[in-house]
Amino acid sequence: MTILIPILGDQLSGNLSALNGADRDDTVILMMEVDAETTYVRHHKAKIAFILSAMRHHAEALRAAGWTVDYVKLDDPDNSGSFTGEVARAIERHAPDRIVATRPGEWRVLAAMQEWPDRFDVPVELREDSRFVCTHAEFDAWAEGRKQLRMEFFYREMRRKTGLLLDGNGKPEGGEWNYDSENRKPPPNEPLLIPQPKRFAPDAITQQVLDLVAGRFRNHPGSLDHFVFATTRDDALAQQTHFIQHALARFGDYQDAMLTGQPFLWHSILSPYLNCGLLDPLALCQAVEEAYRNGKVPLNATEGFIRQIIGWREYVRGIYWREGPDYAQRNALNATRPLPGFYYDGQTDMHCMRQAIGQTMDHAYAHHIQRLMITGNFALVAGIDPHAVHQWYLEVYADAYEWVELPNTLGMSQFADGGLLASKPYASSGNYINTMSDYCSHCRYDVKAKTGAKACPFNLLYWDFLDRNEDVLGKNQRLSMVYRNWAKRADKDKQAIRADAKRFLDSLTR
Ligand code: FAD
Ligand code: DLZ
Ligand code: SF4
207 MTILIPILGD QLSGNLSALN GADRDDTVIL MMEVDAETTY VRHHKAKIAF ILSAMRHHAE
267 ALRAAGWTVD YVKLDDPDNS GSFTGEVARA IERHAPDRIV ATRPGEWRVL AAMQEWPDRF
327 DVPVELREDS RFVCTHAEFD AWAEGRKQLR MEFFYREMRR KTGLLLDGNG KPEGGEWNYD
387 SENRKPPPNE PLLIPQPKRF APDAITQQVL DLVAGRFRNH PGSLDHFVFA TTRDDALAQQ
447 THFIQHALAR FGDYQDAMLT GQPFLWHSIL SPYLNCGLLD PLALCQAVEE AYRNGKVPLN
507 ATEGFIRQII GWREYVRGIY WREGPDYAQR NALNATRPLP GFYYDGQTDM HCMRQAIGQT
567 MDHAYAHHIQ RLMITGNFAL VAGIDPHAVH QWYLEVYADA YEWVELPNTL GMSQFADGGL
627 LASKPYASSG NYINTMSDYC SHCRYDVKAK TGAKACPFNL LYWDFLDRNE DVLGKNQRLS
687 MVYRNWAKRA DKDKQAIRAD AKRFLDSLTR
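Counting the sequence shown from 1 gives a position; my numbering is that position plus 206.
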């Protein structure tokens, strides 16, 4: 009796459901580096290197724990290039009686796996992915019959389910569910106090992968020169501990702040490890809560961090699977402009965009507010095709898998789902960026200028966006005050904004 267990690149967890009950003596684990996955979008070179190196290290860890691992490398001459092709070849090698797999994180891969029972003469069992707090059935039951889905109410359910930050009476710790009113301070003027994430020097396995990626994916975006990701569970845990000790205490305060030359600030840089399975989200939240209970970190930071994981992360996953594969095609604002080339090289006079894109190309990382209020905000107000925006985010971040990237990009950031995920578009003028960063003081544009050659492009495009989309957005209650302000503007001001915005947008295409 042989069981074949395929483990995908984002399933690098010791507690994977496919392994439940498996016996080391009659199991072959199959891990596959395949072209279909490395090229279905042009992933950042560092993202590919991170995933392949983490896969190779995980295979070593499984072997050390007594499992038999059949590992197919990308440059194996007989590599067929796809999961399905590699499972077919593995069936020839091992003649398994059964295949057991954990459901993948993407509709595209699920569709391929659902064909396996017809293609192979071997029974296939697909198990739920148990590494999340909320099951699909629980999310659907919560969402059923609600007029509006809002993360905050879902999050409270997850607090109750996990018991995180509840007092002895099952009430929220400190009396409130959410302490965001104490968070979101502008950046501090003390750069020397900013913690830096741990840096992990490439070992021999990572170095081999870096060489492979440098040669094979020359034409993919991004740099390998700054590669310092953890690629083992122990090192990912070391970054988890480092974050809790050095950055968590001020995570809440400076969650939305941005500073020139500081890509990481008080963020955890843990999403690549959570999403590929090296770290466990619930265990991370429990470690964070313990730091709070031991008096090491304040409640606003603890609650804010835990909300990102058991709130936002679980919520967007629920939306992704609930909305179905055609969610990716939505375009509620009919935005069609191509993505400007500077999204790949940062060559623009907008200092905020240059910073966010530059660090993305260097590190395959930007924090949430850079993704939402700089690169996302620009794409939204410039009317870029949301599918092109989705592709870009999926390519360039080391933590990007469709289940988490798509709802964040298409829903939260681009409002392309018409308000399912966000109650109003995350569009802003330069004023927000000026408040939350030091970017504007380094920019050739003037954040105070509303029109004219020096006017901040966000100022022009914000009003032009509202004007262009009044048919759809004018009905949104949360925008009624903004539209009243727009209506009060003199016609000649409106014309100047429209003309300057058009000139700017035309220059993007050129
Ligand atoms: P921290 O700021 O330290 O936050 C802690 C953790 O909370 C993160 O590691 C992450 O696991 C979780 N988290 C926080 N916000 C979110 C969120 N909105 N959705 C899901 N999890 C969240 N996150 C991804 O993991 N993968 C993506 O592909 C991705 N694409 C995004 C695209 C856009 C347009 C936007 C606006 C956000 C996206 N996010 C994505 C969410 C968020 O930006 C990242 O999770 C975060 O920046 C990761 O950095 P960190 O680990 O330092 O996070
Ligand atoms: C993202 C990615 C890349 C770049 N390469 C591989 C790979 O070669 N082999 C693999 O098993 N997984 C890879 N992945 C992650 C998969 O794309 C991911 O597992 C699926 O999209 C399902 O979420
Ligand atoms: Fe960005 Fe405008 Fe500020 Fe320049 S002035 S950094 S374009 S917000």
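Note that CB positions come from ideal geometry on N, CA and C, so glycine has one too.
Round the Cβ separation of VAL240 and GLY311 to the nearest angstrom and send it over; I've been treating them as touching at under 8 Å. Here residue 240 corresponds to residue number 34 of the sequence shown, with the count starting at 1. Here residue 311 corresponds to residue number 105 of the sequence shown, with the count starting at 1. In fact, because the Cβ distance is near 16 Å, the residues do not count as touching under 8 Å.
Helix, strand or coil at TYR668 according to DSSP, with G and I counted as helix
Taking the first residue of the sequence shown as 1, we reach residue 668 at position 462. In the structure shown, the three-state DSSP call for TYR668 is helix.
Hey, quick one: how far does the alpha helix (DSSP H) through LEU600 stretch, first residue to last?
Mapped onto the sequence shown, residue 600 falls at position 394. Run containing LEU600: 592-602, per the alpha helix (DSSP H) assignment.
- Message: Taking the straight line between their C-alpha atoms, what separation do you get for ALA655 and MET319?
- Response: As a first step, residue 655 must be located in the sequence shown, where it is residue number 449. As a first step, residue 319 must be located in the sequence shown, where it is residue number 113. Roughly 54 Å separates the two Cα atoms.
Helix, strand or coil at GLU676 according to DSSP, with G and I counted as helix:
Residue 676 sits at position 470 when you count from the first residue of the sequence shown. In this structure, GLU676 counts as helix in the three-state DSSP scheme.
**OP:** Grab me the residues of ARG704's own chain with a C-beta within less than 8 Å of its C-beta, minus the 5 sequence neighbours each way, in chain order.
**Re:** Looking up residue 704 in the sequence shown gives position 498. Here the set comprises ASP670 and ASP673.
Cβ-heavy atom distance between ILE475 and the ligand FAD below 6 Å? As a working mapping, residue 475 is identified with position 269 in the sequence shown. Relative to the ligand FAD, ILE475 has its C-beta within less than 6 Å of a heavy atom.
- Is there contact between the region 480-489 and the region 214-226, where contact requires at least three CB pairs shorter than 8 Å? Three or more beta-carbon pairs separated by less than 8 Å link the region 480-489 to the region 214-226, which places the two stretches in contact.
Mind the definition here: the region 257-276 touches the region 224-234 only if three or more C-beta pairs lie below 8 Å; say whether that holds. Between the region 257-276 and the region 224-234 there are three or more inter-stretch CB-CB distances shorter than 8 Å, so the stretches are counted as touching.
Going by CA-CA distance only, name the one from ALA270, ASN221, ARG684 and TYR607 that's closest to PRO631. The residue you call residue 631 lines up with position 425 of the sequence shown. Per the Cα distances, ARG684.
Contacts around ARG262, its chain only, beta-carbon distance under 6 Å, and the 5 residues preceding and following it disregarded
As a working mapping, residue 262 is identified with position 56 in the sequence shown. In chain order, ILE411 place their CB closer than 6 Å to the CB of ARG262, counting only its own chain and leaving out the 5 sequence neighbours on each side.
Reduced DSSP secondary structure (H/G/I, E/B, other) of VAL234
Residue numbering aside, residue 234 sits at position 28 when the sequence shown is read from its first letter. DSSP places VAL234 within a strand segment (E or B) once states are collapsed to three.
Quiz prompt | Cross-strand partners of THR274 (DSSP beta bridge) | solution = Translated into the one-based positions of the sequence shown, residue 274 becomes position 68. Under DSSP, THR274 shares a beta bridge with VAL234.
Excluding the 5 residues preceding and the 5 following PHE338 in the sequence, name in chain order all residues of the same chain whose CB lies nearer than 7 Å to its CB. On the sequence shown, position 132 is the one that residue 338 refers to. The residues are GLU520 and ARG523.
_Pop quiz: GLY309 and LEU316 are said to be a contact at Cβ under 8 Å. What is the actual Cβ separation, rounded to whole angstroms?_
Against the sequence shown, residue 309 aligns to sequence position 103. Against the sequence shown, residue 316 aligns to sequence position 110. For clarity, residue 309 is Arg in the given sequence; the question names Gly instead. Correct: roughly 6 Å between the Cβ atoms.
Task: Residues near the ligand DLZ, criterion Cβ-heavy atom distance below 6 Å - done: Around the ligand DLZ, the residues whose beta-carbon falls short of 6 Å from at least one of its heavy atoms are LEU214, GLY215, ASP216, MET238, GLU239, VAL240, GLU243, THR244, HIS249, ILE254, ILE257, PRO310, GLY311, GLU312, VAL315 and TYR607, given in chain order.
So which residues put a beta carbon under 6 Å from any heavy atom of the ligand SF4, going in chain order? With the cut-off at 6 Å, the residues found are MET556, HIS557, CYS558, GLY636, ILE639, ASN640, TYR645, CYS646, CYS649, TYR651, VAL653, CYS662, PRO663 and PHE664.
For this session: Inspect the beta-carbon positions of GLY589 and ALA541 and report whether they are closer than 7 Å.
Result: Residue mapping note: residue 589 aligns to position 383 of the sequence shown, counting from 1. Residue mapping note: residue 541 aligns to position 335 of the sequence shown, counting from 1. Yes, the Cβ-Cβ distance between GLY589 and ALA541 is below 7 Å.
Between the Cα of HIS593 and the Cα atoms of LEU612, VAL587 and CYS649, which residue gives the shortest distance? Indexing the sequence shown from 1 puts residue 593 at position 387. Taking each of LEU612, VAL587 and CYS649 in turn and checking the Cα distance to HIS593, the smallest one comes out for LEU612.
From the DSSP output, in three-state form, read off THR308 for me. Your numbering for residue 308 matches position 102 in the sequence shown. Residue state, collapsed to three classes: strand.
- Query: Are the beta-carbon atoms of ASP605 and SER429 separated by less than 7 Å?
  - Reply: Position 399 of the sequence shown holds residue 605. Position 223 of the sequence shown holds residue 429. Not in contact: ASP605 and SER429 (Cβ atoms no closer than 7 Å).
Fill in: ALA494: first and last residue of the uninterrupted beta strand (DSSP E) it sits in
Taking the first residue of the sequence shown as 1, we reach residue 494 at position 288. The question names Ala, but residue 494 in the sequence shown is Val. In this chain, VAL494 is not harboured by any beta strand (DSSP E); it is covered by the alpha helix (DSSP H) spanning 487-499.
Starting from ILE209 and walking both ways along the beta strand (DSSP E), at which residues does that stretch end? What you label residue 209 is simply residue 3 of the sequence shown in a count that begins at 1. In the DSSP annotation of this structure, the continuous segment of the beta strand (DSSP E) that includes ILE209 starts and ends at 209-212.
Fill in: Three-way DSSP call (helix, strand, coil) for VAL330 in this model
Taking the first residue of the sequence shown as position 1, residue 330 is located at position 124. VAL330 falls in the strand class under three-state DSSP.
Worksheet item: Which class does LEU471 belong to by DSSP, given the choice of helix, strand or coil?
Response: For the purposes of this step, residue 471 is identified with residue 265 of the sequence shown, where counting begins at 1. The three-state secondary structure of LEU471, taken from DSSP, is coil.
Discussion item. By DSSP's criteria, ASP652 is part of a beta bridge. Which residues make up the other side?
Written reply: Locating residue 652 in the sequence shown gives position 446, where the first residue counts as 1. The partner list for ASP652 (beta bridge, DSSP) reads ALA661.
Within 6 Å: the Cβ of THR615 and any heavy atom of the ligand FAD? Here residue 615 refers to the residue found at position 409 of the sequence shown. Using a cutoff of 6 Å, the CB of THR615 counts as near the ligand FAD, since one of the ligand's heavy atoms is closer than that.
Same chain, Cβ closer than 8 Å to ILE475, neighbours up to 5 away in sequence not counted
Taking the sequence shown and counting its residues from 1, the one referred to as residue 475 is at position 269. Same-chain partners within the cutoff: PRO403, GLN445, PHE449 and TYR571.
Leaving out five residues before and five after SER259 in sequence, what residues of the same chain have Cβ atoms less than 7 Å from its Cβ?
In the sequence shown, residue 259 corresponds to position 53, counting from 1. For SER259, where only same-chain residues beyond five positions count, the Cβ hits under 7 Å are ILE411, THR412, VAL415 and THR437.
Notebook entry, point to check: Is HIS573 buried or exposed, if buried means 16 or more other CB atoms sit within 10 Å of its CB?
Noted result: Here residue 573 is taken as the residue at index 367 of the sequence shown, counted from 1. Counting Cβ neighbours within 10 Å, HIS573 comes out buried, since at least 16 surround it.
message = Using C-beta distances below 6 Å, list every residue in its chain close to ASP644, excluding the 5 sequence neighbours before and after it, in chain order.
response = The count along the sequence shown starts at 1 and reaches residue 644 at position 438. A distance below 6 Å between beta-carbons, with the five flanking residues on each side excluded, links ASP644 to the following residues of its chain, in chain order: LEU465 and THR466.
Next item on the list: Using a threshold of 7 Å, state whether the C-beta atoms of LEU332 and ALA307 are closer than that.
Entry: Taking the sequence shown and counting its residues from 1, one reaches residue 332 at position 126. Taking the sequence shown and counting its residues from 1, one reaches residue 307 at position 101. Yes. Within cutoff.
Locate the alpha helix (DSSP H) running through PRO478, then write down its first and last residues. As a working note, residue 478 is residue 272 in the sequence shown. It spans 477-482 - the alpha helix (DSSP H) in which PRO478 sits, taken as one unbroken run.
Could you check if TYR460 belongs to the surroundings of the ligand FAD, using beta carbon to heavy atom distance under 6 Å? Locating residue 460 in the sequence shown gives position 254, where the first residue counts as 1. Outside the cutoff, so no.
**Asked** Which of the three DSSP states, helix, strand or coil, is assigned to LEU545?
**Response** For the purposes of this step, residue 545 is taken as residue 339 along the sequence shown, with counting starting at 1. DSSP places LEU545 in coil when its eight states are reduced to three.
*Check whether PHE359 and ILE254 have beta carbons under 7 Å apart*: By 1-based counting over the sequence shown, the position of residue 359 is 153. By 1-based counting over the sequence shown, the position of residue 254 is 48. With contacts defined by Cβ atoms closer than 7 Å, PHE359 and ILE254 do not form a contacting pair.
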